[in-house]
Amino acid sequence: MADKKKEGNPGFEEPGEDAIDGGEIVLEEEAPEAPAAETTTADIKAVEARNAELIDGLQRMQAEFDNYRKRMVREQTRILETAEAGLIKKLLPAIDNLERAIDNAGEVKQAKALAQGVSMVRDQLMEVLEKEGLEVIEGQGEPFDPEEQEAMMVVPSSGQPEGTVVDVTQKGYRFNGSLLRPAMVSVAGPDEGK
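Put into structure tokens, the structure is as follows:
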């Protein structure tokens, strides 16, 4: 009968003498297989290796981003310096003309000629600056605009409607649509005779 149990149950083992306890047969439990534990350890090592790869990749990306940011700052600085140099280069002929006007001022017998020379220099400067985006704000004879003008004084109206700009003391300027300086103006107020 013991042979039939062996043949019918391949996992069956005959109990040794140690397995018999008080006449009863105690079957020994099998220990967990070692390969399962090795697989778990291998999985942990694979996950740790993958984590190390990801951390390394992240550190490289951070270093690349930091280098990119520094490169962009250098590039922006270079662009600004180039733009400023271009503007200065465009202004140099006007400065040269101004120096010529000053040098020739002693030789000029009429003030009108000097005024024309200085006027030409101003026009040349304004032409360069307008090409770069500068706009003049005047508004004489137009309604007062508090967004672009600053009223220095209110003068009695002499045929001008109340709130009209009568005189521009100092021109205002916009650069590429943004206000640089408001125009300083005198505005028509109520007529004193009324």
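Per this note's numbering, residue 743 is the first one in the sequence shown, and the count goes up by one each step.
For glycine and all other residues, C-beta sits at the position ideal for the given N, C-alpha and C.
Using a C-beta cut-off of 8 Å, the region 865 to 876 makes no contact with the region 890 to 908, since fewer than three inter-stretch Cβ pairs fall below that distance. C-alpha of F917 to C-alpha of R842: approximately 29 Å in a straight line.
G931 carries a strand assignment under DSSP once its states are collapsed to helix, strand and coil. Judged by DSSP in its simplified three-state form, D909 adopts strand.
Rounded to the nearest angstrom, the gap between the Cα atoms of P924 and D798 is 56 Å. Every beta strand (DSSP E) of 3 residues or more that sits fully in the region 843 to 885 is shown, in chain order, as 876 to 879. One Cα belongs to T911, the other to V860, and the distance between them is close to 20 Å. E806 sits in a helix when the DSSP states are folded into three classes. Within its own chain, the residues whose Cβ lies closer than 7 Å to the Cβ of G875, once the five positions on either side in sequence are excluded, are F917, N918, listed in chain order. DSSP places P835 within a helical segment (H, G or I) once states are collapsed to three. Contact between L833 and V863 fails: their C-beta atoms lie close to 11 Å from each other, not under 8 Å.
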